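Taking it in order: structure first as structure tokens, then the write-up.
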Amino acid sequence: MSEPTPAPTAQDLPDDGTDLNTAPDGPAVEVELEDGTDFAEAADTDDVDADDTDSDAPAPARDVLVDGPELFPGDTGTLPLKLRQALVRLLRGPYLDATSSDNVYNTVVDNQEQLRARLSELFLQLVIDEDRKVALLRPVDMAEPHTQVLQRQREMTREETLLLLRMRLLLDRHAGTGNDAVIARRDMVEILEQYVDPGQQDAKGVEDLTDAAIRKLASERRLLLPTELEDTWVISPALPLALPYEHIGDIIAFMQSLTEPDDDGAPAAADGTAAAAPGPEMTEPDAAGTPALDLTELDTAVEEQA
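Quick look at the structure:
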């Protein structure tokens with residue numbers, strides 16, 4: 430009976446980088462593990478098992494204590510429901526204020542740091558006026574493309590702009606009184622009548638322009654808030670954020686720029702370029718020239734503010 434062949438030792442194996450399972454110029458040498466498995470087969474099996482383990486590994490479980498409960502299947506967000514709803518309301522616009530029954534304004538104020546971080550990812554700034562209790566979003570000023578998330582609002586008509594500027598003066602006059610600044614339809618008709626040439630004045634036409642402006646300011650921009658009285662509105666406290674003038678004189682200068690003719694005798698452009706201070710966006714004025722603005726009432730407002 431022949432003796433078993435001894436297993437190769439380290440001295441028997443090649444040291445020139447040759448495959449361990451193959452001896453130079455000779456037959457293949459099979460190295461078996463203690464359980465009888467071929468060494469090469471074991472290595473291949475380990476690689477397959479490792480790949481299978483990586484691909485079949487379950488996703489890490491959601492940490493409810495850190496991330497909060499899942500709000501819907503596949504939810505990877507971490508903000509609670511109330512803050513996500515506040516984000517949606519801010520993005521929907523045009524603004525949030527303290528009059529909301531669900532207290533969303535206070536939610537925004539109390540969690541503004543978290544919300545600012547999320548909004549910065551969308552190139553948006555959260556603006557909060559705690560005195561007026563108003564919160565809204567503004568896009569950051571960047572030249573790079575694809576950085577504007579909010580849709581550009583429809584440009585304001587000349588009539589809307591004139592009404593808003595006059596309402597801004599009225600709102601400033603009521604500041605600190607504790608009373609809401611209100612305005613009636615008849616007041617707005619009278620305001621616009623001042624900017625119509627008396628020779629071309631059409632009472633029904635002015636009323637139609639006034640009603641169209643009121644609908645836009647009340648429904649789209651929410652700068653006129655309804656009251657219990659018919660044809661009477663509260664001027665929204667968000668108006669100063671929509672028309673961010675620091676001095677009443679700047680408002681008067683801009684209103685005057687809407688009506689004064691330029692050097693060629695044509696009405697001034699209504700895009701704010703001729704104004705002493707930046708103004709809101711609006712369409713071109715009527716082709717017909719308009720009389721010079723009567724600043725009597727506006728001057729009175731300036732004196733009261735002084």
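Quick note on this note's numbering: the sequence shown kicks off at 430 and runs consecutively. Virtual Cβ for every residue (Gly too), placed ideally from N, Cα, C. Since the structure is predicted, the reported quantities are computational estimates derived from the model, not experimental observations.
- Excluding the 5 residues flanking it on each side, Leu599 has same chain C-beta neighbours closer than 7 Å at Ala610, Ile612, Ile664, in chain order.
- In this structure Leu593 is buried. Its beta-carbon is surrounded by 16 or more other beta-carbon atoms within 10 angstroms.
- Look at Asp558 here: in three-state DSSP terms it is strand.
- Scanning Gly522, Leu646, Leu621 for the CA closest to the CA of Glu636 turns up Leu621.
- Collapsing the DSSP output to three states places Arg567 in a strand.
- Counting only runs of 3 or more residues that sit fully inside the stretch 586-661, the beta strand (DSSP E) segments are 611-613, 653-655, in chain order.
- Bridge partners of Leu668 according to DSSP: none are assigned.
- The beta carbon of Ala647 lies closer than 6 Å to those of Leu653 in the same chain, with the five residues before and after it left out.
- With contacts defined by Cβ atoms closer than 9 Å, Gln541 and Leu553 do not form a contacting pair.
- From the listed residues Asp560, Asp531, Ser529, Thr536, the smallest Cα separation to Pro509 is found for Thr536.
- Taken through DSSP and simplified to helix, strand or coil, Val537 comes out as helix.
- Taking C-beta atoms under 8 Å as the contact rule, Met596 and Leu500 fail to qualify, at a distance of about 41 Å.
- For Val517, the enclosing alpha helix (DSSP H) begins and ends at 510-521.
- Counting of Cβ neighbours within 10 angstroms places Leu566 among the buried residues, the total reaching 16 or more.
- Taking C-beta atoms as the reference points, Arg561 and Pro666 count as a pair closer than 9 Å.
- Contact annotation, Glu589 with Lys645: C-beta distance approximately 6 Å; criterion of less than 8 Å satisfied.
- In this structure, the CA atom of Leu591 is about 45 Å from the CA atom of Thr507.
- Look at Leu525 here: in three-state DSSP terms it is strand.
- With respect to Ala641, Met617 sits apart: the two C-beta atoms are not nearer than 9 Å.
- Here Thr606 is exposed. Its C-beta has fewer than 16 other C-beta atoms within 10 Å.
- Judged by DSSP in its simplified three-state form, Leu500 adopts coil rather than helix or strand.
- Counting of Cβ neighbours within 10 angstroms places Leu548 among the buried residues, the total reaching 16 or more.
- Under DSSP, Val578 forms no beta bridge with any residue.
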